[in-house]
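Residue numbers (the numbering used here), protein chains in the order written: chain A, 1 to 436; chain B, 1 to 436.
Backbone N, C-alpha and C fix where the C-beta goes; we use that ideal spot for every residue, glycine too.
There are 2 protein chains.
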Amino acid sequence: MTAPATEIDRAIDRSGLRPVGAPTEVVVARDVAEVQETVRRAAAAGTPLITRGAGSGLAGGAVAGEGAIVLDLSRLTRIRAIDPVDGTAEVEAGVITADLDAAARAHGLMYAPDPGSVGISTVGGNIATNAGGLRGAKYGVTRDAVLSVDVVLADGSLVRLGRPTIKGVTGYDLAGLVVGSEGTLGIVVAARVRLLPAPQRVATASAFFATLEDAARAVAAIAVSGARPAVLEILDGATLGAIDAASGTALRAQGEALLLAQTDGFGAAEEMAVVLAAVAPTATHHEWTEDAERAADLLSARRQALPALERIGRPLIEDIAVPRSRLAEAISGIRLIADRHGVPIFVFGHAGDGNLHPIIVVEPGEGDLPETAVRAADDIFALALSLGGTVTAEHGVGRLKREWARRELGEDAVRLHDEIKRVFDPLGILNPGSGY
Amino acid sequence: MTAPATEIDRAIDRSGLRPVGAPTEVVVARDVAEVQETVRRAAAAGTPLITRGAGSGLAGGAVAGEGAIVLDLSRLTRIRAIDPVDGTAEVEAGVITADLDAAARAHGLMYAPDPGSVGISTVGGNIATNAGGLRGAKYGVTRDAVLSVDVVLADGSLVRLGRPTIKGVTGYDLAGLVVGSEGTLGIVVAARVRLLPAPQRVATASAFFATLEDAARAVAAIAVSGARPAVLEILDGATLGAIDAASGTALRAQGEALLLAQTDGFGAAEEMAVVLAAVAPTATHHEWTEDAERAADLLSARRQALPALERIGRPLIEDIAVPRSRLAEAISGIRLIADRHGVPIFVFGHAGDGNLHPIIVVEPGEGDLPETAVRAADDIFALALSLGGTVTAEHGVGRLKREWARRELGEDAVRLHDEIKRVFDPLGILNPGSGY
Ligand SMILES: Cc1cc2nc3c(=O)[nH]c(=O)nc-3n(C[C@H](O)[C@H](O)[C@H](O)COP(=O)(O)OP(=O)(O)OC[C@H]3O[C@@H](n4cnc5c(N)ncnc54)[C@H](O)[C@@H]3O)c2cc1C
Ligand SMILES: Cc1cc2nc3c(=O)[nH]c(=O)nc-3n(C[C@H](O)[C@H](O)[C@H](O)COP(=O)(O)OP(=O)(O)OC[C@H]3O[C@@H](n4cnc5c(N)ncnc54)[C@H](O)[C@@H]3O)c2cc1C
């Protein structure tokens with residue numbers, strides 16, 4: 001099925017990056033055969049092919065410009081099977097992440113990876129970006145949930161990579177190689193993923209701190225407490241202020257930093273007590289609950305963070321991670337960068353993984369970003385690397401972070417990347433200009 | 001350091017496979033520079049290089065014959081750092097798995113992957129085979145614990161692949177590609193691995209069943225019970241009999257199958273109650289404990305299984321996995337195969353992962369295996385594939401399972417393997433004749 005090529009929505013993602021020119025064609029695939037046919041056509045003509053799921057990406061990975069074919073998989077929405085005893089599901093690439101989780105919950109199971117975009121992103125897009133999420137602190141990322149992938153290769157052939165079972169070591173981990181490859185090695189049309197028992201009990205807490213550094217110290221204390229929270233989110237005072245402005249709450253009055261924690265499993269309450277004991281010495285005030293509604297209330301601040309910032313201006317969303325022991329340094333460093341360049345930087349993130357999202361907010365509008373914002377972003381990347389961290393923890397390299405990704409990887413690793421890319425895509429038609 | 005090349009111990013592993021001829025040289029590396037120098041020498045001469053850790057492998061992966069250089073990494077035993085707040089450790093390849101775990105425990109942490117060989121195998125060997133283990137049902141396999149690897153490539157260069165932090169998506173998952181590559185893509189000299197909080201509470205149970213199929217049904221019931229045991233092992237009556245003969249226990253009198261389960265975490269006891277409720281309808285008798293000594297008693301049957309079988313004869317150790325819902329069929333199928341070929345087959349394994357180790361025991365002695373044993377093994381592989389399973393869940397392909405691995409992977413995937421192998425090892429010097 002071909003949609004009007006002028007449809008700008010299908011040529012962009014949520015990064016704010018705008019393409020140069022318009023794609024020549026948008027294919028909204030109805031089945032795998034149409035994906036294969038489109039790839040064969042692109043290969044024959046040497047046309048760049050930009051695969052997209054929901055376009056919720058934040059790295060410019062699905063941005064398609066002049067001369068490209070856009071291959072939209074959002075209509076491949078079939079959940080082919082859920083096997084509760086095996087703890088697996090077979091899904092097509094376009095299934096919305098939350099829909100898969102809901103289908104699993106009907107069997108007392110869950111699909112663990114839960115990016116903030118869970119209600120709009122596709123499983124295929126999650127696989128392509130190796131999406132993380134709120135529950136990552138305990139349950140890991142998309143890579144940890146993927147057993148096998150059905151991939152259309154650059155010549156249009158369809159191959160299943162990975163293992164059918166929970167464990168398996170036959171051959172190289174090629175499914176793992178495709179996970180996080182951002183549409184540059186092949187097109188994921190379906191996957192077999194792991195489901196886990198949905199937790200029987202969940203405890204949720206919020207804790208406020210006088211400073212962001214105090215909150216970072218609490219994260220370190222939790223890390224050595226013996227507890228393993230499923231969720232451990234951090235929000236800074238500026239972000240709390242933005243949420244207050246957007247939703248009429250009074251969060252910032254309670255502190256300059258907020259931690260949100262969730263423990264789950266049969267001992268959720270006991271584990272939460274350990275978390276709170278670790279937090280208590282530095283927190284100004286904390287509370288916790290096993291009530292689902294109150295828990296949703298506590299967590300709603302986190303879900304509202306990005307929308308609240310989008311009301312203020314145009315957010316440039318970064319995505320660094322540092323070793324947890326360097327979180328406080330990273331946070332102070334980001335504050336210095338904001339001061340140095342005179343740009344507002346809001347900070348929230350998945351603290352349990354050392355993953356911070358510094359958000360630089362600039363004047364609303366289209367076009368190039370102001371030079372100060374770009375320089376502040378560069379300084380944030382440099383800071384992450386200097387602290388032994390990474391320039392992208394979960395959003396991916398896309399079109400926005402290529403230069404810094406190469407700096408992080410180093411020449412030797414980049415050479416291996418180039419050669420592996422050539423193995424999978426000798427003509428270079430799969431999402432050129434994006435990824436590592 | 002060069003050891004005498006006649007040292008047969010350093011040319012074999014625990015698979016029973018015997019090399020043809022003796023290696024020309026055994027290098028017991030004292031540092032990374034010596035690894036690099038050895039690889040450069042092998043590359044210059046085009047000599048096959050067989051890397052080994054402890055030689056505890058069961059797939060013939062470290063078996064070195066005529067004309068090969070053996071590169072032994074067992075002396076690279078330094079634990080370079082443990083960072084409790086980050087939850088990471090940096091270790092050299094030759095560190096014994098149990099030593100890493102013990103070092104982590106001193107900080108209230110654990111190294112989760114725990115193959116039955118934990119007391120003898122090396123972390124480098126575990127990485128090369130993507131070793132599983134008893135706790136795999138909850139904590140996954142070695143792949144899940146590896147953040148980055150320091151790899152000496154086939155040209156002697158040293159490169160770090162992977163991410164420094166718990167999460168990270170910069171570039172392709174090349175560390176994950178090296179994990180499980182069985183020494184065919186590069187030589188792992190060190191790694192950064194993840195540590196997790198050691199569980200505060202542990203509950204251990206044993207349950208006996210009248211038939212192995214009943215035990216398999218209990219595994220399925222546990223899978224949908226909402227519990228997620230850390231350990232879920234199965235042993236058949238024949239294996240129980242062998243353990244009784246070796247250690248004077250009376251296990252087999254209690255049933256024709258034994259399940260061993262362990263739950264851990266803050267709600268270990270509550271979770272165990274759920275496991276036992278799932279087991280109760282089919283079990284003839286069960287017990288559980290939170291006492292560490294009694295727990296070790298219960299689990300000791302599992303640890304004694306292989307040694308007990310080794311007293312009876314020469315064990316040919318298989319390693320299939322099937323979807324958990326097909327466990328009962330796999331077990332009945334194995335029994336039919338034993339009858340058909342008139343060979344004794346003992347069955348135990350990591351039931352929580354659908355991973356069975358059918359052990360064909362033949363007359364003691366060296367030399368070729370009897371034809372009946374080989375044909376029974378082939379039928380076991382075919383059975384695994386026909387049930388939607390894999391021919392190797394955790395031991396690896398090595399030199400023993402190449403033909404079946406290729407059948408499982410299929411032509412298209414094998415072609416990708418060949419090309420990736422060429423990227424890393426264009427001269428084909430790294431462990432030729434072994435892996436996928
Ligand atoms: C409000 C909000 C919150 C977010 N929170 C998180 C979060 O917590 N964690 C996180 O990791 N991300 C988060 N994201 C980012 C984004 O949602 C994820 O990257 C998500 O995985 C993208 O899925 P998608 O279907 O929208 O993919 P798209 O944006 O359409 O594509 C993303 C990339 O994957 C490629 N691609 C997509 N589908 C396929 C396919 N089937 N085969 C091959 N390549 C493909 C594209 O070419 C592109 O490079 C958030 C985004 C928003 C807007
Ligand atoms: C009693 C017993 C119980 C076992 N239980 C389990 C179990 O529960 N789960 C499980 O998965 N396995 C198990 N095994 C198998 C074995 O212990 C594992 O495969 C282990 O990971 C091998 O480690 P090793 O150091 O002995 O490696 P080796 O046997 O020396 O080598 C194994 C393979 O890895 C390669 N290799 C070794 N080190 C490196 C390196 N540093 N860089 C690159 N390549 C390398 C070798 O070339 C070879 O192909 C068991 C074995 C025994 C004897």
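In chain order, what residues of the same chain lie with their CB nearer than 8 Å to the CB of ILE317 (chain B), ignoring the 5 residues before and after it?
The residues are SER15, LEU58, LEU306, HIS357, ILE359, HIS395.
Could you tell me the alpha carbon to alpha carbon distance between ALA242 (chain B) and ARG294 (chain B), rounded to whole angstroms?
Here the alpha carbons of ARG294 (chain B) and ALA242 (chain B) stand approximately 21 Å from one another.
Return the Cβ separation of ALA137 (chain B) and VAL118 (chain B) in integer angstroms, given the expectation that the two are a contact with Cβ distance under 8 Å.
The C-beta separation of ALA137 (chain B) from VAL118 (chain B) comes to about 16 Å, leaving the pair out of contact by the 8 Å criterion.
Complete runs of the beta strand (DSSP E) confined to the stretch 102-168 of chain A [at least 3 residues]:
Complete beta strand (DSSP E) runs here, min 3: 146-152, 158-162.
With 8 Å as the threshold, decide whether the Cβ of ILE420 (chain B) is near any Cβ in chain A.
Taking a beta-carbon distance threshold of 8 Å, ILE420 (chain B) counts as an interface residue toward chain A.
Secondary structure of HIS417 (chain A), DSSP reduced to three states:
Reduced to three states, the DSSP call for HIS417 (chain A) is helix.
Segment contact, 8 Å Cβ cut-off, at least three pairs: the stretch 166-183 of chain A with the stretch 147-154 of chain A
With the cut-off at 8 Å, the stretch 166-183 of chain A and the stretch 147-154 of chain A touch.
Report buried or exposed for GLU25 (chain A), applying the criterion of at least 16 other Cβ atoms within 10 angstroms of its Cβ.
Buried, by the Cβ-count rule.
With respect to the beta strand (DSSP E) encompassing THR88 (chain B), which residues constitute its N-terminal and C-terminal limits?
Looking at the DSSP string, the run of the beta strand (DSSP E) that includes THR88 (chain B) is 88-92.
Rounded separation between ALA5 (chain A) and PRO23 (chain A) - CA only:
Residue placement at ALA5 (chain A) is flagged as unreliable, the pLDDT there being 47, under the threshold of 50; the coordinate-derived value follows with that caveat. Rounded to the nearest angstrom, the two C-alpha atoms are 6 Å apart.
CA-CA distance, ARG10 (chain A) and ASP72 (chain A)?
Roughly 8 Å between the two C-alpha positions.
With a threshold of 7 Å (Cβ to nearest heavy atom), would VAL71 (chain B) be considered close to ligand 1?
The residue you asked about is not Val; residue 71 (chain B) is Leu in the sequence shown. Of the heavy atoms belonging to ligand 1, none sits nearer than 7 Å to the Cβ of LEU71 (chain B).
Is any heavy atom of ligand 1 found at a distance shorter than 7 Å from the C-beta of VAL170 (chain B)?
Residue identity differs from the one stated: residue 170 (chain B) is Thr in this sequence, not Val. No; taking the cut-off as 7 Å, the Cβ of THR170 (chain B) has no heavy atom of ligand 1 nearer than that.
Extract the residue ranges of the beta strand (DSSP E) inside the stretch 199-242 of chain A, only unbroken runs of 3 or more that lie entirely within it.
Entirely contained in the stretch 199-242 of chain A, the beta strand (DSSP E) runs reaching 3 residues are, in chain order, 202-209, 231-236.
Run down chain B in chain order and give the residues with a C-beta less than 8 Å from the C-beta of VAL322 (chain A).
Simply THR165.
With a cut-off of 8 Å, does the C-beta of GLN200 (chain B) fall near any C-beta of chain A?
Taking 8 Å as the CB threshold, GLN200 (chain B) lines the interface with chain A.
Chain A beta carbons: is any one of them nearer than 8 Å to that of LEU400 (chain B)?
Interface residue (Cβ-Cβ distance to chain A less than 8 Å): LEU400 (chain B) is not classified as such.
Classify ASP353 (chain A) as helix, strand or coil using the three-state DSSP reduction.
Residue state, collapsed to three classes: helix.
For HIS341 (chain B), does the count of other Cβ atoms within 10 angstroms reach 16, so buried, or fall short, so exposed?
Answer is buried; the Cβ neighbour count reaches 16.
Neighbour flag for PHE209 (chain B) against chain A, beta carbons, 8 Å
No, its Cβ sits nowhere closer than 8 Å to a Cβ of chain A.
Return the residue from the list B:ASP368, B:LEU430, B:VAL362 that minimises the CA-CA distance to PRO19 (chain B).
Here the closest residue by C-alpha is B:ASP368.
Taking 7 Å as the cut-off, is the beta-carbon of PRO281 (chain A) closer than that to any non-hydrogen atom of ligand 2?
No, ligand 2 has no heavy atom inside 7 Å of this Cβ.
Under 8 Å, do ALA338 (chain B) and ILE345 (chain B) count as touching if we go by C-beta distance?
In this structure, ILE345 (chain B) lies closer than 8 Å to ALA338 (chain B) by Cβ.
Residue range of the beta strand (DSSP E) that includes HIS285 (chain A)
Here the beta strand (DSSP E) through HIS285 (chain A) covers 283-289.
Buried or exposed for ASP353 (chain B), please, with buried defined as at least 16 other CB atoms from any protein chain shown within 10 angstroms of its CB.
It is buried - the Cβ of ASP353 (chain B) has at least 16 other Cβ atoms within 10 Å.
How is LEU196 (chain A) classed by DSSP in three states: helix, strand or coil?
Strand.
Which of the residues in the stretch 76-99 of chain B, read from start to end, lie with their CB under 9 Å from any CB of chain A?
Residues are counted here when their Cβ sits less than 9 Å from a Cβ of chain A; for the stretch 76-99 of chain B these are ASP83, PRO84, VAL85, ASP86, GLY87, THR88, given in chain order.
From the beta carbon of TYR172 (chain A), is the nearest beta carbon of chain B less than 8 Å away?
The Cβ of TYR172 (chain A) sits closer than 8 Å to at least one Cβ of chain B.
Would you say THR392 (chain B) faces chain A, with C-beta separation under 8 Å as the test?
Interface residue, yes.
Strand pairing of LEU400 (chain A), partner residues [DSSP]
Beta-bridge analysis with DSSP links LEU400 (chain A) to no other residue.
Just checking: is the beta-carbon of ASN126 (chain B) within a distance shorter than 8 Å of some beta-carbon in chain A?
Not an interface residue.
Go through its chain and collect everything with a Cβ distance to ALA68 (chain A)'s Cβ below 6 Å, but skip five positions before and after it.
Within its own chain, the residues whose Cβ lies closer than 6 Å to the Cβ of ALA68 (chain A), once the five positions on either side in sequence are excluded, are PRO23, PRO48, ILE50, listed in chain order.
Three Cβ pairs or more, each shorter than 8 Å: is that satisfied between the stretch 38-47 of chain B and the stretch 419-426 of chain A?
No: fewer than three Cβ pairs fall under 8 Å.
Any beta carbon of chain B sitting closer than 8 Å to that of THR282 (chain A)?
No, because no Cβ of chain B sits closer than 8 Å to the Cβ of THR282 (chain A).
Which value, in whole angstroms, describes the spacing of the CA atoms of GLY388 (chain B) and ASP291 (chain A)?
Roughly 42 Å separates the two Cα atoms.
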